[in-house]
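Below is one structure; the comments refer to it alone.
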Amino acid sequence: MAKGDFAFPMAPERALALGEIHARPYALVKSGRVIFQLAFMMDGGSAVHHAAISELSRARGVAPPEKNGRYHSLAWGQGTLRWERHTEFSTWFWDGPLPESFGGEVPIHPFGDGFIAPGPLISGIRLELRPDGPEIADARAAFDPASLCYSELKNGQAAVLTDFRQDGHGLTQILVIDRGMTEAGRGAVVPRLL
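Take 1 as the starting number for the sequence shown in full-length UniProt numbering and just add one per residue.
Printed below as a string of structure tokens:
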């Protein structure tokens, strides 16, 4: 228990939440990647979410997570699918190679026709990490200028753009212009944007 001015009664879940934050180191992220992150509510209970990731794992010849497991990852195409179970929702994070143009079709990913959502979708994000170059001007034009949000990060090593609008698939698009971040730097930036 804290002492002094901030000696409030502690919620029983506080230690678990604090431990969870420190137990999840970020992944190293290469440049030139597209990332999909979907979050599904736990309306049907955590067993439904566990069954969904277990089925996908077995179909790819990978052992499923333990029954009470909170994290799981498996190779998928030229990327990695990472699943995390939270109290109210589960997140499904996949990274893969960039399409030729911003917002372009990604032919191989885990969320195609055979994917069965384990609950109602609460968040869907498509983040593209693109190296700075001439084609970035076309990518910038994809955003609505009336709601464009632009930010420089890491002393100019990156810029982030979004308009918080959804694309034709219902995903909020984010563009990260990579101007020389390291894999660890990208790994630290990406989860903060998702």
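For glycine and all other residues, C-beta sits at the position ideal for the given N, C-alpha and C. Small disclaimer: the values here were computed from a predicted structure and weren't measured.
First through last residue of the beta strand (DSSP E) which encompasses Pro-191: Careful: Pro-191 lies outside any beta strand (DSSP E), inside the alpha helix (DSSP H) at 183-193.
Sub-8 Å separation of Asp-163 and Asp-144 beta-carbons: yes
Given Met-181 as reference, the closest of Leu-129, Ala-141, Ile-122 once Cα atoms are compared: Leu-129
Cut-off 6 Å between Cβ atoms - residues of its own chain near Ile-108, not counting five sequence neighbours on either side: Gly-77
As assigned by DSSP and simplified to three states, the class of Asp-95: strand
C-beta contact flag for Leu-121 and Leu-56 at 8 Å: no
Helix, strand or coil at Phe-102 according to DSSP, with G and I counted as helix: coil
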